[in-house]
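What follows is a single structure, written as structure tokens, with notes after it.
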Amino acid sequence: MSLKIDTSDLQSNVGKDCGTSDWFEIDQQRINDFADVTKDHQFIHVDPERAKDTPFGGTIAHGYLTLSLLAYFMQYGGVGVDVPNRTMGVNYGLDKLRFLQPVPAGSKVRARAKLVEATEKNPGQYLFKLEVTVDIEGFEKPALIAETLTMVFTG
1305 MSLKIDTSDL QSNVGKDCGT SDWFEIDQQR INDFADVTKD HQFIHVDPER AKDTPFGGTI
1365 AHGYLTLSLL AYFMQYGGVG VDVPNRTMGV NYGLDKLRFL QPVPAGSKVR ARAKLVEATE
1425 KNPGQYLFKL EVTVDIEGFE KPALIAETLT MVFTG
């Protein structure tokens, strides 16, 4: 469940857990669809036969596919911040993104986050930095770790 934020005392929220999503499967069809959208058809993503002969032993998800799922996890997956009177939130950027472990096709991933920084930029406008980790079911090392920046507007 996302972290309910008290905007009158932003700093008291720093360091707190911002939720963990359910597991989400990244199947070969989703990988193929992402390849079509991005025009990244490298064989390690879309050719299961050829990819068997790589160190990965099969196809893997694009790193940016895994990263793009953060939007889903943060909007529908219960990961992020819950601000009273929120009218919208927009992506503001990323810091310190690292892809640490390839995601094999058919794997399940989930996101978990903690609040790193919270700043009121203008009245009714808040910038939140979250450290987000995307885990792969059955793997010790996560797929990625990133600091996401989200601007939240209230009114």
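Going by this note's numbering, the letters in the sequence shown line up with residues 1305 to 1459, in that order.
Note that the Cβ used here is the ideal one computed from N, Cα and C, for glycine as well.
* the region 1330–1345 in contact with the region 1366–1373 per 3-pair CB rule at 8 angstroms -> yes
* Option nearest Gly1410 by Cα separation, candidates Tyr1430, Pro1427, Val1350 and Ala1450 -> Val1350
* **Exposure label - Val1312; buried when at least 16 CB within 10 Å** => At residue 1312 the sequence reads Ser, which differs from the Val that was named. The residue in question, Ser1312, is exposed, as its Cβ has fewer than 16 Cβ neighbours within 10 Å.
* So, Pro1408 versus Gly1362, is the Cβ gap smaller than 9 angstroms? -> yes
* Asked: How would you call Met1305, buried or exposed, if buried means at least 16 neighbouring beta carbons within 10 angstroms?
  -> exposed
* With DSSP as the reference, label Thr1391 as helix, strand or coil. => strand
* Decide if Pro1359 is buried, meaning its Cβ has at least 16 other Cβ atoms within 10 Å, or exposed. => exposed
* Over what stretch of residues does the alpha helix (DSSP H) that includes Gln1379 continue unbroken? -> Gly1367 to Tyr1380
* **According to DSSP, residues forming a beta bridge with Lys1433** => Glu1421 and Leu1453
* Asked: So what's Glu1353 in DSSP terms, helix, strand or just coil?
  -> helix
* Compute the Euclidean distance between the alpha carbons of Lys1425 and Trp1327, then round it to the nearest angstrom. => 34 angstroms
* Asked: Is the beta carbon of Thr1452 sitting closer than 9 angstroms to the one on Leu1398?
  -> yes
* C-alpha gap between Asn1317 and Arg1402, whole angstroms -> 25 angstroms
* With 16 other CB atoms within 10 Å as the buried threshold, where does Thr1391 fall? -> exposed
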